[in-house]
Amino acid sequence: MYRRQYLRAAAVVAGTGGVAAVSARDAARRADASSGQPDTPTATDTTATGTPTATPTEPAATPTSGWEPMGAVTVPGAAETVVAPGGETAFVATGDGFAVLDLSDPADPTVRTRVGPVSPPGTDRVMPEIRDVKYDDGHLLVAGPASYHPDGYRGVARYDVRDPGAPALVRAYETTFAVHNCYFADDVAYLTGRDDDRHPLVVVDIGPEPTEVARWSVLDHDEDWAEVDHSVRRIHDVWVQDGYAYLAYWDAGTWILDVSDPSDPRYVANVTDRPIEELANDTGLKIFREFSEPPGNDHYVATSPDGTLMAVGQESWNSNAGVDETTPTGDDPGGPSGIELYDITDRTSPERVATIDPPPTADPNFNGVMTTAHNFQVGEQYLYSSWYQGGVKVHDVSDPTEPEEVRHFRRSSTTSFWTAQLSAPGEAVVATSYLNPQDLGAPGVVYTFPDIPRPTPTPSPTPTAGSTDASTPTAAPTPDPISAADPSPTPGATTGAGPGFGPLAALAALGVGTWLLGGDE
1455 MYRRQYLRAA AVVAGTGGVA AVSARDAARR ADASSGQPDT PTATDTTATG TPTATPTEPA
1515 ATPTSGWEPM GAVTVPGAAE TVVAPGGETA FVATGDGFAV LDLSDPADPT VRTRVGPVSP
1575 PGTDRVMPEI RDVKYDDGHL LVAGPASYHP DGYRGVARYD VRDPGAPALV RAYETTFAVH
1635 NCYFADDVAY LTGRDDDRHP LVVVDIGPEP TEVARWSVLD HDEDWAEVDH SVRRIHDVWV
1695 QDGYAYLAYW DAGTWILDVS DPSDPRYVAN VTDRPIEELA NDTGLKIFRE FSEPPGNDHY
1755 VATSPDGTLM AVGQESWNSN AGVDETTPTG DDPGGPSGIE LYDITDRTSP ERVATIDPPP
1815 TADPNFNGVM TTAHNFQVGE QYLYSSWYQG GVKVHDVSDP TEPEEVRHFR RSSTTSFWTA
1875 QLSAPGEAVV ATSYLNPQDL GAPGVVYTFP DIPRPTPTPS PTPTAGSTDA STPTAAPTPD
1935 PISAADPSPT PGATTGAGPG FGPLAALAAL GVGTWLLGGD E
């Protein structure tokens, strides 16, 4: 999510001073509270906490059917979390650096060490607002700042984390722009570029002699995108797998590039709900609302391990900018969005096959109860997703045309989730709550949940004498106590193209001259 870091006065909103002033003030309050973590954590900052009691208070916060955290640990400043292969170590972005978690006992996660502040050799500046980290082959890429910090170090830092207890800074690369999000694969860093009107993907070889090797923007594919205000076509996130990059470009949609040669990105395909002609003539508060509300708002993208399924998370809320209503209407369908699923067996022709709707909300308005999609992971069979105050969900996507919700944890009054990641298949899921809505000064918490049981091989009966049956062991399903206790399907998935509608309780709006960048999620 784009979180308010600074506001530039906009002439186009001069006539709506009351709305703009109230929105800016409320956004600042929430943003400051959500990012105001201690600079130096105390010993108690990293002690395990108890599992919260199931006490949902909002009308829409329906009690979940038995899926509860099995462990938790406080991590001040917690944001994006990635898990190393094997599932015993996780790395958490913490604003001033990162934390290393020991997940060897998922029921008792602990903080093994913290690194920060991040200040690469040769500079006295510190990288602020670190909200994203990525892991690849024993190394961790740390990116920041997530938004505009003119005096901070901007760029990425690479750490050797083969010994998780003693991360070592290997090298860094300084950029001229804030790095909101990144990806790291095969010694190459893929960065969201925010330094000019083109908002490109910036590709950096982060090997022994770090250097930028390529840039690519939607304007390289079609210069007509220049007619659309840059605030609604900013690159927000990037995912890379098997020689392809997937770019979430907000209202410009999601784009697939061939990066088999990272120095020469090539267009493959794109999907969008908003053609250029619909956005080109927007001005003033219309742009403000377009940025905030559906359709569009492509925020996060990830693919399945086999590369045949692409999931696009859309982040939105009801802005109420320049309108009298306080709730979405037919003419103002603001509110939370969900996750779109695409069949990309043929990457040149993505086909939307289903939509996972967002959880319901008691208040879809600005500073209400945000339940829009945030970061997630697509596994071989299951999709693990976070929904801010909407909680954490697991969907069975073995048939992507009919995603089935099989787990949901929600405690809207005390948690707001940034990401959900599979730790160990059949054993554990990790999810980061970056904010306690009841106590805005509280540190973040990383929770562990039991994963869906996986089938276990069961040997067939030993053949009797004279038998010619050479049966081999077959996999028998492991009983799922939650599903067995509650076989009723949970609503929340629809086929087709329509994103869900609801809130997002933080203004991340912008417009002509007004860009709320920042501590995004």
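Here the working numbering is used: the first residue of the sequence shown is 1455, the next is one more, and so on.
All C-beta atoms in this analysis are idealised placements derived from N, C-alpha and C, irrespective of residue type, glycine included.
Because the structure is a prediction, the values reported are computed rather than measured.
Distance from the CA atom of Tyr1703 to the CA atom of Asn1751, rounded to whole angstroms, is 8 Å. Collapsing the DSSP output to three states places Val1672 in a helix. Runs of alpha helix (DSSP H) with 4 or more residues, each lying fully within the stretch 1689 to 1734, are found at 1730 to 1733, listed in chain order. Asn1819 is bridged by DSSP to Asn1772. Closest in C-alpha terms to Gln1892, from the list Thr1868, Pro1662 and Thr1809, comes Thr1868. As a beta-bridge residue in DSSP terms, Met1764 pairs with Thr1757 and Tyr1796. Secondary structure at Gly1598: strand, using DSSP grouped into helix, strand and coil. In terms of Cβ geometry, Ser1840 and Phe1863 do not form a close pair [threshold 8 Å]. Secondary structure of His1634 (DSSP, three-state): coil. Taking C-beta atoms as the reference points, Glu1747 and Ser1717 fail to come closer than 8 Å. Distance from the Cα of Ala1765 is smallest, within the candidate group Gly1531, Val1755 and Asp1727, for Val1755. In the three-state reduction of the DSSP assignment, Val1686 falls in the helix class. Look at Ser1746 here: in three-state DSSP terms it is helix. When DSSP reads this structure, Lys1740 sits in no beta bridge, so it has no partner. In the structure shown, Glu1677 falls within a helical segment according to DSSP collapsed to helix, strand and coil. In this structure, the CA atom of Thr1855 is about 43 Å from the CA atom of His1603.
Restricting attention to Asp1705, Asp1811 and Val1657, the CA atom closest to the CA of Ala1639 is found in Val1657.
At a Cβ-Cβ threshold of 8 Å, Arg1616 and Pro1664 do not count as neighbours.
Val1537 and Phe1903 have their C-alpha atoms roughly 14 Å apart. Look at Ile1584 here: in three-state DSSP terms it is strand. In the structure shown, the three-state DSSP call for Thr1564 is strand. With contacts defined as CB atoms closer than 8 Å, Met1581 and Gly1606 qualify as a contacting pair. Using a C-beta cut-off of 8 Å, the stretch 1542 to 1561 makes contact with the stretch 1589 to 1596, since at least three inter-stretch Cβ pairs fall below that distance.
Taking the CA atoms as reference points, Ile1906 sits about 22 Å from Gly1767. In summary, Thr1809 is buried, with 16 or more beta-carbon neighbours lying within 10 Å of its beta-carbon over all protein chains present. Partner residues in the beta bridge of Ser1840, as assigned by DSSP, are Val1846. Contact check for Gly1792 against Trp1771 fails: the beta carbons are separated by 8 Å or more. Listed as beta-bridge partners of Leu1623 by DSSP are Tyr1613. In the displayed model, Pro1904 falls within a strand according to three-state DSSP.
In the structure shown, Glu1856 falls within a coil segment according to DSSP collapsed to helix, strand and coil. When C-alpha distances from Gly1647 are compared across Asn1821, Arg1688 and Phe1552, the shortest belongs to Arg1688. When the beta-carbon positions are compared, Pro1719 and Trp1670 come within less than 8 Å of each other.
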